[in-house]
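Under the working numbering, the first residue of the sequence shown is numbered 55, with each subsequent residue one higher. Built from N, CA and C at the ideal position, the CB exists for glycine as well. This structure is a prediction, so every number in the text was calculated from the model and none was measured. Just below is one structure, and these are the notes that go with it.
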Amino acid sequence: MGSGQSTPKITAQDRAILDLKLQRDKLKQYQKKIQVILEREHQIAKSHLIAGDKDRALIALRRRIYQQSLLLRTDEQLVALEQLVSTIEFSLVEVSVLHGLKQGNEVLKEIHREMSLESVERLMEETHEAREYQREIGNLLANQLTLEDEDAVQAELLELQAEHLEPPIQPMLPSAPKEQPVAHKTEGDPYHSITVK
55 MGSGQSTPKI TAQDRAILDL KLQRDKLKQY QKKIQVILER EHQIAKSHLI AGDKDRALIA
115 LRRRIYQQSL LLRTDEQLVA LEQLVSTIEF SLVEVSVLHG LKQGNEVLKE IHREMSLESV
175 ERLMEETHEA REYQREIGNL LANQLTLEDE DAVQAELLEL QAEHLEPPIQ PMLPSAPKEQ
235 PVAHKTEGDP YHSITVK
């Protein structure tokens, strides 16, 4: 069951990118080492200066300057490596895109072979013939109706048109009163002091 597993295929491009990234990591480690040396040389120069040994302090500062130049060169090499890795990775993407375009063109060619101009014209002609045939069937059916049947069809058509053209009937609502209500005051009932007549 598990013996059929395939291992991922490592291409030459994958190996090249991996090697470049390993070199990049080594350069970063080297930079860290130089940073430690720079700090140590600075401390040595400081301690010699405090001790009054100016010549040894100068030697330590010269070594520090040399280490700084090495650090700048490793920075340049690191930038070059990262640009190279990015260029290779982008080129691989371009190759993949070109491969996809090539496959797409092949599919389009195959579709065009299946759908030639002649087959499209033949299909359009068959569709036209089918519509003509359908129209002939409709004419035959219309000619077989008697005059009474044709009159009934026309009457039903007019009835349907009348149903759709007539406005819907509005329900009748009562009309509003024309006289103003009159208010009368009744005595003894504080809650119903006004009555409408």
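Suppose the cutoff is 7 Å on Cβ atoms and the five residues either side in sequence are ignored; what does the same chain contact list for residue i look like?
| i | result |
| --- | --- |
| residue 102 | 110, 111, 114 |
| residue 138 | 74 |
Helix, strand or coil for residue i, going by three-state DSSP, please let me know.
| i | result |
| --- | --- |
| residue 233 | coil |
| residue 158 | helix |
| residue 63 | coil |
| residue 145 | helix |
Note down, in chain order, each residue of its chain lying with its Cβ closer than 6 Å to the Cβ of residue i, except the 5 sequence neighbours on either side.
| i | result |
| --- | --- |
| residue 91 | 121 |
| residue 189 | none |
Quick check: what's the CA-CA separation for residue i versus residue j?
| i | j | result |
| --- | --- | --- |
| residue 172 | residue 181 | 14 Å |
| residue 193 | residue 212 | 21 Å |
| residue 163 | residue 157 | 10 Å |
| residue 61 | residue 140 | 26 Å |
| residue 107 | residue 123 | 25 Å |
| residue 76 | residue 83 | 11 Å |
| residue 233 | residue 227 | 18 Å |
| residue 178 | residue 165 | 18 Å |
| residue 252 | residue 65 | The question about residue 252 has no answer, for the chain in this structure spans 55 to 251. |
Output needed for residue i: all residues of its chain with C-beta closer than 8 Å, excluding positions within five of it in sequence on either side, in chain order.
| i | result |
| --- | --- |
| residue 142 | 67, 70, 71, 74 |
| residue 95 | 114, 115, 117, 118, 121 |
| residue 81 | 128, 131, 132, 135 |
| residue 125 | 85, 88, 89, 92 |
Practice task
Tell me the start and end of each unbroken beta strand (DSSP E) in the segment 92 to 143 that is at least 3 residues and wholly inside, in chain order.
Solution key: Correct list: empty.
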